[in-house]
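Note sheet for the following structure.
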Amino acid sequence: MNLKAKTVLVTGANGGVGSALVKALLEKGAAKIYAAARTVAAVQELVQFNPERIVAVPLDITSAASVAAAAEQCVDVNLLINNAGINRCVSLLGRAGLEAAREEMEVNFFGTLAMCRAFAPLLEAKGSGTIVNVCSIIGLVNLPVNGTYCASKAAGHSLLQGMRAELAPRGIRVVGVYPGPVDTKMTAGQEMPKATPVQVASAILTGLERDAEDIFPDPMSQGVHEQLAKNAKQVEKQFAAMIPA
Ligand SMILES: NC(=O)c1ccc[n+]([C@@H]2O[C@H](COP(=O)([O-])OP(=O)(O)OC[C@H]3O[C@@H](n4cnc5c(N)ncnc54)[C@H](OP(=O)(O)O)[C@@H]3O)[C@@H](O)[C@H]2O)c1
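Okay, so the sequence shown: first residue is 35 according to my numbering, each after it adds one.
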């Protein structure tokens, strides 16, 4: 894929990976980048990097009215990057587990599904287009301390596969991104090796330029992906052992 002529919409553009994606797309020469965030104020600083090519869009992906308004404003999009997500960092049996699970599913699954449903017809009308969904490596194997988040990202992975199958005959590519830990607000205060948002954004765009279908953008996600292919049960057991005493 040549990113130069693309009109791109990035959700969660005020977040760590989202704002890095907007800046990286700018450097790659994308024609127009819609930087979507729950409030326009949250992306004002980002827009200042290039007010001619970056356009702020108010978007809450859990609101049907907001998603419909964004689809109306951004009709010229040919690359949609579903990056917005939340992680309540709780276990399945944790005190807030049920509430967290519902909130995470609302954003990570239903919100992403709503975005795909709203934008697929716009891409199809152009004859081609690409949807990128930012999933997670821990959507492929459950990390119990983030048990509810992992379940929502596993749902996101299945959503991606189904979307890919349904949209391929309509000329729309669907690309999955499976990062390991990234140094953003989402992992603040968690001590572990993390990729930077800049590294992840750069790897995502390189993957798109190479027409990759699934992108593992950092060493951690690449390692886990390889291990999963060799022995998924062993990886499950390794991750299960990471539950605190
Ligand atoms: N950080 C990691 O270790 C990691 C690893 C694997 C995958 N990921 C995935 O990478 C993506 C980006 O996360 P990040 O690390 O950059 O975290 P982040 O800094 O917390 O950014 C998340 C973004 O999503 C937005 N968002 C949340 N709920 C939304 C909603 N209902 N409507 C619209 N936007 C919403 C947030 O907006 P507000 O600021 O308004 O809340 C924020 O801009 C997420 O899908 C995440 O699950 C992250």
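Even for Gly, the Cβ is constructed at its ideal location relative to N, Cα and C.
Roughly how far, in whole angstroms, is the beta-carbon of residue i from the beta-carbon of residue j, given that I think they are within contact range, below 8 Å?
{"i": "Glu270", "j": "Val175", "result": "6 Å"}
{"i": "Thr182", "j": "Val124", "result": "6 Å"}
{"i": "Ala69", "j": "Val51", "result": "So it is not a contact: roughly 13 Å between Cβ atoms."}
{"i": "Ala54", "j": "Val232", "result": "5 Å"}
Cβ of residue i within 7 Å of Cβ of residue j?
{"i": "Met276", "j": "Gly214", "result": "no"}
{"i": "Ala90", "j": "Gly46", "result": "no"}
{"i": "Asn142", "j": "Gly190", "result": "yes"}
{"i": "Thr146", "j": "Asn116", "result": "yes"}
{"i": "Met139", "j": "Ser186", "result": "yes"}
{"i": "Ala76", "j": "Asn121", "result": "no"}
{"i": "Ala104", "j": "Leu114", "result": "no"}
{"i": "Ala211", "j": "Val258", "result": "At residue 211 the sequence reads Val, which differs from the Ala that was named. Against a cut-off of 7 Å, the Cβ pair of Val258 and Val211 comes out as no contact."}
{"i": "Arg95", "j": "Ile67", "result": "First, the amino acid is wrong: residue 95 is Ile here, not Arg. No, the Cβ-Cβ distance between Ile95 and Ile67 is not below 7 Å."}
{"i": "Val109", "j": "Leu156", "result": "yes"}
{"i": "Asn65", "j": "Ala39", "result": "Note on identity: in this sequence residue 65 is Ala, with Asn being the wrong assignment. Result yes, Cβ atoms of Ala65 and Ala39 sit closer than 7 Å."}
Where does residue i fall in DSSP's three states?
{"i": "Ala246", "result": "coil"}
{"i": "Ala71", "result": "strand"}
{"i": "Asn265", "result": "helix"}
{"i": "Val42", "result": "strand"}
{"i": "Thr146", "result": "helix"}
{"i": "Arg207", "result": "strand"}
{"i": "Val81", "result": "helix"}
{"i": "Pro213", "result": "coil"}
{"i": "Thr164", "result": "strand"}
{"i": "Lys219", "result": "helix"}
{"i": "Asn112", "result": "coil"}
{"i": "Val91", "result": "strand"}
{"i": "Lys187", "result": "helix"}
{"i": "Ala229", "result": "strand"}
Determine the closest residue to residue i out of the options, with distance taken between C-alpha atoms.
{"i": "Leu239", "options": "Leu60, Ala70, Glu86 and Gly50", "result": "Leu60"}
{"i": "Leu193", "options": "Met149, Val56, Ile120 and Gly52", "result": "Met149"}
{"i": "Pro85", "options": "Val209, Ser100, Asp94 and Val56", "result": "Val56"}
{"i": "Thr41", "options": "Leu80, Glu243, Thr164 and Gly210", "result": "Thr164"}
{"i": "Asn36", "options": "Lys264, Leu242 and Asn265", "result": "Leu242"}
{"i": "Ala159", "options": "Arg87, Val216 and Ile206", "result": "Ile206"}
{"i": "Ser236", "options": "Val216, Pro203 and Phe144", "result": "Val216"}
{"i": "Val101", "options": "Glu79, Ala154 and Glu133", "result": "Ala154"}
{"i": "Gly131", "options": "Cys184, Asp252 and Ile171", "result": "Cys184"}
{"i": "Thr230", "options": "Gln256, Asp245 and Asp252", "result": "Asp252"}
{"i": "Ser170", "options": "Ile249, Ala266, Thr73 and Val74", "result": "Ile249"}
{"i": "Ala152", "options": "Phe83, Gln107 and Ala266", "result": "Gln107"}
From residue i to residue j, what distance separates their C-alpha atoms?
{"i": "Gln224", "j": "Thr218", "result": "10 Å"}
{"i": "Pro203", "j": "Val166", "result": "17 Å"}
{"i": "Val44", "j": "Glu247", "result": "18 Å"}
{"i": "Gln268", "j": "Glu260", "result": "12 Å"}
{"i": "Lys264", "j": "Leu127", "result": "30 Å"}
{"i": "Gly161", "j": "Thr221", "result": "39 Å"}
{"i": "Ala135", "j": "Phe273", "result": "19 Å"}
{"i": "Ile172", "j": "Ala188", "result": "8 Å"}
{"i": "Asp364", "j": "Glu137", "result": "Look at the range of the chain in this structure, 35 to 279, and you will see that residue 364 is not part of it."}
{"i": "Gln78", "j": "Glu200", "result": "36 Å"}
{"i": "Leu177", "j": "Leu262", "result": "14 Å"}
{"i": "Val74", "j": "Phe83", "result": "15 Å"}
{"i": "Lys62", "j": "Phe144", "result": "31 Å"}
{"i": "Ala266", "j": "Ala58", "result": "34 Å"}
{"i": "Gln256", "j": "Pro227", "result": "14 Å"}
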